[in-house]
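Those protein sequences? They're chains U and S, same order as listed.
For the first sequence, our numbering assigns the number -9 to the initial residue and increments by one for each residue that follows.
For the second sequence, our numbering assigns the number 823 to the initial residue and increments by one for each residue that follows.
Down below is the structure, laid out as structure tokens.
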Amino acid sequence: MTFGSWLALVVAIVLSAEVVRWLRHRALRHERWRRFFRHPTAAWGCGILTFLIIVAIAAPLVAPLDPIVQPDPVRLKNHAPSLTFLMGTDVFSRDVWSRFAYGARVSLGIGALGALIAVSLGSCVGAVAGYYRRWVDAILMRGVDIGLALPRIFIVLMAVALWDRLSFAWLTLVIGLTSWFATSRLVRAEVLALRERDFVVAARALGVPSSRVIFGHVLPNAAAPIIVSAALSVGNVLLLEASLSFLGIGVAPPRPSWGNMIADGAVTIYTAPWTTLFAGLAISLVVMSLNAVADGLRDALDPRQDPA
Amino acid sequence: MTAPPAPPPVAAPLVDVRDLVKHYAAERRWFGLGRPRPPVRAVDGVSFTIPSGRTLGLVGESGSGKTTVGRTMLRLQEATGGRVLFEGRDVFALDSRALRALRRRMQIVFQDPYSSLNPRMTVQETLREPLEIHGLAGTVAALLDEVGLDAVFAKRYPHELSGGQRQRVGIARALSVEPQFIVCDEPVSALDVSVQAQVLNLLADLQARRRLTYLFIAHDLAVVRHIADDVAVMYLGKIVERAPAAEIYALPRHPYTRALLSAVPEPDPKAKKNRIVLSGDVPSPAMPPPGCPFHPRCPHPLKSARCRTEVPPLREVPAGSGHLAACHYAEQPMK
Chain U
-9 MTFGSWLALV VAIVLSAEVV RWLRHRALRH ERWRRFFRHP TAAWGCGILT FLIIVAIAAP
51 LVAPLDPIVQ PDPVRLKNHA PSLTFLMGTD VFSRDVWSRF AYGARVSLGI GALGALIAVS
111 LGSCVGAVAG YYRRWVDAIL MRGVDIGLAL PRIFIVLMAV ALWDRLSFAW LTLVIGLTSW
171 FATSRLVRAE VLALRERDFV VAARALGVPS SRVIFGHVLP NAAAPIIVSA ALSVGNVLLL
231 EASLSFLGIG VAPPRPSWGN MIADGAVTIY TAPWTTLFAG LAISLVVMSL NAVADGLRDA
291 LDPRQDPA
Chain S
823 MTAPPAPPPV AAPLVDVRDL VKHYAAERRW FGLGRPRPPV RAVDGVSFTI PSGRTLGLVG
883 ESGSGKTTVG RTMLRLQEAT GGRVLFEGRD VFALDSRALR ALRRRMQIVF QDPYSSLNPR
943 MTVQETLREP LEIHGLAGTV AALLDEVGLD AVFAKRYPHE LSGGQRQRVG IARALSVEPQ
1003 FIVCDEPVSA LDVSVQAQVL NLLADLQARR RLTYLFIAHD LAVVRHIADD VAVMYLGKIV
1063 ERAPAAEIYA LPRHPYTRAL LSAVPEPDPK AKKNRIVLSG DVPSPAMPPP GCPFHPRCPH
1123 PLKSARCRTE VPPLREVPAG SGHLAACHYA EQPMK
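Have a look at this one:
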């Protein structure tokens, strides 16, 4: 670790703590966001996610070494964590902390983008199925049933078999396109209830076109479950990426992702546990933080808890 | 199907509803594999006309089908049968483009001002949308002014308004497309009594100023009294009595109307109250009783075996009066 990377790390920690403190301060003004921070875990979740996002964005600053460079594969391999190598080195003598920081970019990037694709697609399909009902609903929801019944990992394996190795963009797309089924079910249920509300009937009576009724009147009022499902989706997508990388069909090595790092370190897990520990810990922490944030959001966005 | 005799022509009817039927199909028995259950007959052959510029009050208790009548007329729900003529054109036969044009002419005001406005749109956004869609020249400020709201409300969200203010916004939204006909679906039932009078007066003023035609749905006769020219009373999906307003209040010919009138609160505490309390509940519209639908609860002293077997037609009593009643004993109404 160089002086610069230590400094960047400290700044990242302080910055994430400051962000949470600022959010909390702002939240005092709104009943909804006060409810969010009533969950102590939600604040911690926010802090951890902010920290990891900062690390991912500022990876060149926090990482002292190139994540792919092998400084000395003979003498520096499986070096235990120390002040020089914050998280130790792996079997190829690469700095685990540097790989961790750059891996955050890949893992969180795929997680966020994949979830964005999944939630947008799921919301649209769910809204269309719930709004039009009848045969549209029947066809779309039978499709969703099939999607939910097929193990996602097989679908992705088929995609990999077809196109050999997937680029980052294709991997994100494939993951996103196989993760929207649960969201569409959720949104459909919400839309089924909303379409009978008087303000939606009023919009139809005024001659508002269907697409505008769906996107202007129905979906904005289904925002709460969509946001919660988005937060949970990021965690799911991240886990899927990790398991694919662990199986060697995800992100191509030597590029680091948290899943890759676990796969690389798996052989030396008894002699050098730090090579897998930190990446595994990060994945668990992100998923747990997202669940905590989703819980907080669920409470914050629940209109039944709004004061009248 | 014989249409009931038409009331004496006052003017050419703007709205002509003929034998409107709306049945809700029920689930089949045995998880959708067995014989079908009987459908729910929400509206079972309703006919009426409303002359231009007049108000028909449609009264009935919960589940009588009055709201369904209003919504099927505007094609917010598809009817099972019957016809609705608007200026002589069959509303149910319109294609989607003609239907959109018709949306400008027929509007609806809802009962619950809390669910009838989109909670995520400001008053301004709510009112501007219809103006934009139909390319109309009206302004939000003018609409708010017309319903007696200050221009400052334009920036507010529905949750920042009171029930009466929201209902005024709902009325402004219906007016935005400059309709000729408005279905008022219990527009004051959810409001405080003091606000009810204000909203009723507003509706009456608007009718006079814009020459509007109303179908005014309500669940009690007291509210309708002030605004309706004609009153129709519904029971179990059928109209049981229809007459000019003054007539129906003076001499109700159907025992159900008589019972509804006796439930109207009397402001004078010393007045003699002759309240008729109906026994039992409204029968299920999936299995309406044979004969007269009202016979199981009918308090009429002349009630006979005929009531249990023979459906009383809606007929003019006395002939030529324009007063229609569906009772075998309409000539000898209950006192």
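Ideal placement from N, C-alpha and C gives every residue a C-beta, glycine not left out.
message: What ranges does the beta strand (DSSP E) occupy inside the region 60 to 102 of chain U, keeping only unbroken runs of at least 3 residues that lie completely in it?
response: none
message: Using 8 Å for Cβ pairs, my map puts glycine 197 of chain U next to isoleucine 955 of chain S. What's the rounded Cβ distance?
response: 6 Å
task: Please confirm if arginine 988 of chain S has its CB atom under 8 Å from at least one CB of chain U.
output: no
- request: Run the CB neighbour count on alanine 94 of chain U, radius 10 Å, all protein chains shown included, and call it buried at 16 or more, exposed below.
  value: buried
task: Could you name the residues of the same chain whose beta carbon sits closer than 7 Å to that of aspartate 1098 of chain S, not counting the 5 residues immediately before and after it, in chain order?
output: Just to set this straight, residue 1098 of chain S is isoleucine in the shown sequence, not aspartate. Only Arg1080, Ala1081, Ser1084, Pro1121 meet the Cβ criterion.
task: Would you tell me roughly how many angstroms separate the C-alpha atoms of serine 998 of chain S and proline 952 of chain S, rounded to the nearest one?
output: 7 Å
message: Please confirm whether leucine 939 of chain S has its beta-carbon closer than 8 Å to some beta-carbon of chain U.
response: yes
message: DSSP three-state label for aspartate 972 of chain S, please.
response: coil
query: Do alanine 117 of chain U and valine 177 of chain U have their CB atoms nearer than 8 Å?
result: yes
Span of the alpha helix (DSSP H) around serine 174 of chain U: 171 to 184
field: Listed by chain order, chain S residues near aspartate 135 of chain U by CB distance under 9 Å
entry: In chain order: nothing, as chain S lies at least about 17 Å away.
- request: Find the residues of chain U that neighbour glutamine 1197 of chain S, judging by a C-beta separation of less than 7 Å, and give them in chain order.
  value: In the structure displayed, chain S extends from 823 to 1157; residue 1197 of chain S sits before or after that span and is not available.
query: If we cut at 8 Å on Cβ distances, does glutamate 951 of chain S have a partner in chain U?
result: yes
- prompt: By the criterion of Cβ-Cβ separation under 7 Å, what are the contact partners of aspartate 917 of chain S in chain U?
  reply: By Cβ distance, chain U contributes nothing, its closest Cβ being about 14 Å from aspartate 917 of chain S, past 7 Å.
- prompt: Would you say histidine 1076 of chain S and alanine 1152 of chain S are within 8 Å of each other, going by their C-beta atoms?
  reply: yes
query: Identify the residues that DSSP records as bridge partners of methionine 928 of chain S: which are they?
result: S:Phe1003
message: I need the DSSP call for serine 235 of chain U, collapsed to helix, strand or coil.
response: helix
message: For proline 860 of chain S and alanine 847 of chain S, I'd like the C-alpha separation in whole angstroms.
response: 7 Å
query: To which residues does DSSP link glutamate 1138 of chain S through a beta bridge?
result: S:Leu1146
field: Below-8 Å beta-carbon distance, proline 246 of chain U vs any chain S residue
entry: no
query: Given that a residue counts as buried once 16 or more other Cβ atoms are within 10 Å of its Cβ, and exposed if not, what is aspartate 80 of chain U?
result: buried
message: Please confirm whether histidine 20 of chain U has its beta-carbon closer than 8 Å to some beta-carbon of chain S.
response: no
task: Measure from the C-beta of phenylalanine 932 of chain S to each C-beta in chain U and report whether the shortest distance is under 8 Å.
output: yes
message: Classify arginine 25 of chain U: buried if its beta carbon has 16 or more other beta carbons within 10 angstroms, exposed otherwise.
response: buried
- prompt: Where does the unbroken beta strand (DSSP E) through isoleucine 872 of chain S begin, and where does it stop?
  reply: 862 to 873
message: For chain U, check one thing: does any of its Cβ atoms lie closer than 8 Å to the Cβ of leucine 896 of chain S?
response: yes
message: I'd like the list of long-range same chain contacts for valine 224 of chain U, defined as Cβ closer than 7 Å, with 5 residues on each side in sequence excluded.
response: Gly101, Ala102, Ala105, Leu280
- request: Could you list which residues in chain S have their beta carbon closer than 7 Å to that of valine 191 of chain U, in chain order?
  value: Leu898
Short CB-CB distance (under 8 Å) between valine 999 of chain S and chain U: yes
message: Rounded to whole angstroms, what is the Cα-Cα separation between isoleucine 143 of chain U and valine 150 of chain U?
response: 10 Å
- request: State the DSSP-derived secondary structure class of leucine 936 of chain S, mapped to helix, strand or coil.
  value: With the sequence shown as reference, residue 936 of chain S is identified as tyrosine, and leucine is not the correct amino acid for it. Of the three classes helix, strand and coil, the one that applies to tyrosine 936 of chain S here is coil, per DSSP.
- request: Identify every run of the alpha helix (DSSP H) within the region 1003 to 1040 of chain S, keeping only runs that are complete inside it and at least 4 residues long; order them along the chain.
  value: 1015 to 1032
- prompt: Whose Cβ in chain U lies nearer than 9 Å to the Cβ of histidine 956 of chain S?
  reply: Leu196, Gly197
- prompt: How many angstroms separate the CA atom of aspartate 1014 of chain S from the CA atom of glutamate 982 of chain S?
  reply: 17 Å
message: Could you tell me the alpha carbon to alpha carbon distance between valine 1045 of chain S and glutamine 1020 of chain S, rounded to whole angstroms?
response: 12 Å
- prompt: Can a CB atom of chain S be found closer than 8 Å to the CB of asparagine 281 of chain U?
  reply: no
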